Structures are given as structure tokens and as C-alpha cells.
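Under this note's numbering, the sequence shown has 776 at position 107, and the numbering climbs by one with no breaks.
We put the beta carbon where it would ideally sit given N, CA and C, even for glycine.
Just so it is clear, the structure is predicted and the values come from calculations on it, not from any experiment.
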Amino acid sequence: MFIYYNERVIEGKVDLNAPVFIRNGIKSLFKNGICSEVSWPYPETTFPKSIKDIIRTGSVAEITAAIAKALKDNETELHAAISQIPSVQALTQAKKHIITRYCKLTLDNGLIDFKLSLSKGFPVIFGMMVPRSFYLTPANGVFTLPPPDEIRLGGHALLAVGYDDNKQHFIVRNSWGEEFGDKGYCYIPYDFFTGKYQTSQTGQVKDLQDNTFSFWCLTHE
Numbered sequence: 670m671f672i673y674y675n676e677r678v679i680e681g682k683v684d685l686n687a688p689v690f691i692r693n694g695i696k697s698l699f700k701n702g703i704c705s706e707v708s709w710p711y712p713e714t715t716f717p718k719s720i721k722d723i724i725r726t727g728s729v730a731e732i733t734a735a736i737a738k739a740l741k742d743n744e745t746e747l748h749a750a751i752s753q754i755p756s757v758q759a760l761t762q763a764k765k766h767i768i769t770r771y772c773k774l775t776l777d778n779g780l781i782d783f784k785l786s787l788s789k790g791f792p793v794i795f796g797m798m799v800p801r802s803f804y805l806t807p808a809n810g811v812f813t814l815p816p817p818d819e820i821r822l823g824g825h826a827l828l829a830v831g832y833d834d835n836k837q838h839f840i841v842r843n844s845w846g847e848e849f850g851d852k853g854y855c856y857i858p859y860d861f862f863t864g865k866y867q868t869s870q871t872g873q874v875k876d877l878q879d880n881t882f883s884f885w886c887l888t889h890e
């Protein structure tokens, strides 16, 4: 919540529950630092488990409508969360945890730079266009490469913390709690990072877009 608050400040939409850019999250870590989740806990919400069933089988329109209803039903809780400002304790603690350097990565050289950063112990933050099946990642955390025409349900930021060449996947920490995947972790195939998806979900002309985007490394080099 601390990072999300500062991202919204940077983007001039502090009063909105709105998407933000990953690069502004990195900028906020450089400028404001980060407090612990204990100092500013993520709010509890009560989204119905039925949404998972709709995600599994529903159309884009049905999924969008279900999520919109859940947001409406939780409007009071969400407004209270968005209206919060950092406490003195959170601000003081965050100043002790400011990043000193960061760099933007690309996949121009394939996965070389991505893996090099991880091999040095530097985590990589990245965005992905979320396939329907990602919401259904099993308890072993293994995310199976989806077909290019699988429904995508918007962008999402994740943190890569390692990789396994034998299994050809990155080790990724999600932010959906320990009930997701392997106690909060998932294992995403290399091919997903270098792959593309079809943007049209309606049978029209289909453009191809990257599955993943906006790669940032936290580094002291």
C-alpha cells in the first residue's frame, strides 16, 4: 500500500483506485523507500470465490461484469483504503529502506540480462498481461504456457527472484497471498517471457503483443 500510495501521488491520482506504471513504483522506492507491511497492512476484502469459477469458464464480458460487481460490493472498504495516508511510523521506517540504484532491462538480448541480474542477487520487477489460466495456477506453482489466443485479463506486476535452467522457468513471487500457487510463488516458463499473445478476443484481425513488459532491476552496481 505504501508503494501504491506514492505511485498515485507521482501520477496525480492519489484519490483514485486506478492502475499505475511500474516505473513510478521504482521511482517511489528511490525517493520514498518502503515500510514493512506491518506498518501499513494491505486491506482485507471479501471478493466472492464464485469469481474464480467465472474466470475459469466465462467470457471477457462476464468476467468484467463479475469483477465490477465485486468492486461495487466492496466500495466502502476500498474507498477507506484509498483514503489512507502514510503514518509517521511508516514514513520514518521507509526512509531507512531506500534503494540507491536501479536500471531498466530489455529482452533485446533474449533472457541474458534478465538472468544475469538474478544471478547477482538482484530481483527483477516486471509486468505481464495476465492469461485466464494464471488465476488458476495450481498448488505446485507451475504455470503452464498458455496458447496465444487465451483470454487476457489486464496487466499485473510481479517480482522474479530466481531461475532454473534445468526446468526452463523463472521463480516468481506474486502479491496475492500465500494461497496462490506455491505459498505465493509461481514458476513461469522462459518461453512465456519471450512470447506474444493475440490482442483481439472478438474474432477480428489479431495483432500480436508481448506477454511481458517493463523490466526493472534493483541493483547497487
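Put simply, the backbone Cα of Val830 is about 10 angstroms away from that of Tyr856. Under the Cβ criterion (8 angstroms, minimum of three pairs), the segment 727-745 does not count as touching the segment 811-819. Around the C-beta of Ile767, fewer than 16 other C-beta atoms lie within 10 Å, and the residue is accordingly described as exposed. In this structure, the alpha-carbon of Leu698 lies about 9 angstroms from that of Asn675.
Nearest in C-alpha terms to Gln753, of all of Leu685, Cys886, Gln837, is Leu685. Annotation for Thr726: no residue places its beta carbon closer than 6 angstroms to its own, counting only its chain and skipping 5 residues before and after. Rounded to whole angstroms, the Cβ separation of Asn843 and Leu827 is 6 angstroms, and the two are in contact under 8 angstroms. By the Cβ rule, the segment 879-889 counts as touching the segment 770-783, because three or more pairs are nearer than 8 angstroms. Relative to the Cα of Thr881, the nearest Cα in the group Ile672, Ser705, Gln762, Asp777 belongs to Asp777.
Comparing C-alpha distances from Ile781 to each of Lys764, Tyr832, Ile672, Asn701 shows the shortest one belongs to Tyr832. Contact annotation, Gly779 with Thr863: C-beta distance approximately 7 angstroms; criterion of less than 8 angstroms satisfied. In this structure, Lys700 is the residue among Ala739, Leu774, Lys741, Lys700 with its C-alpha nearest to the C-alpha of Leu760.
The shortest CA-to-CA distance from Ile724 to any of Gly810, Leu877, Leu805 is the one to Leu805.
The C-beta separation of Ile672 from Lys696 comes to about 10 angstroms, leaving the pair out of contact by the 8 angstroms criterion. In the structure shown, Ala808 adopts coil according to DSSP, grouped into three states. Between Ala763 and Ile691, the beta carbon gap of about 19 angstroms keeps them out of contact (Cβ cut-off 8 angstroms). Taking 8 angstroms as the upper bound for CB-CB distance, Val793 and Ser786 are in contact here, some 6 angstroms apart.
For Gly790, the closest alpha carbon among the candidates Met670, Gly846, Ile840 is that of Ile840. Leaving aside the five residues that flank Glu847 on each side, the residues in its chain whose CB is nearer than 6 angstroms to its CB run, in chain order, Gly853.
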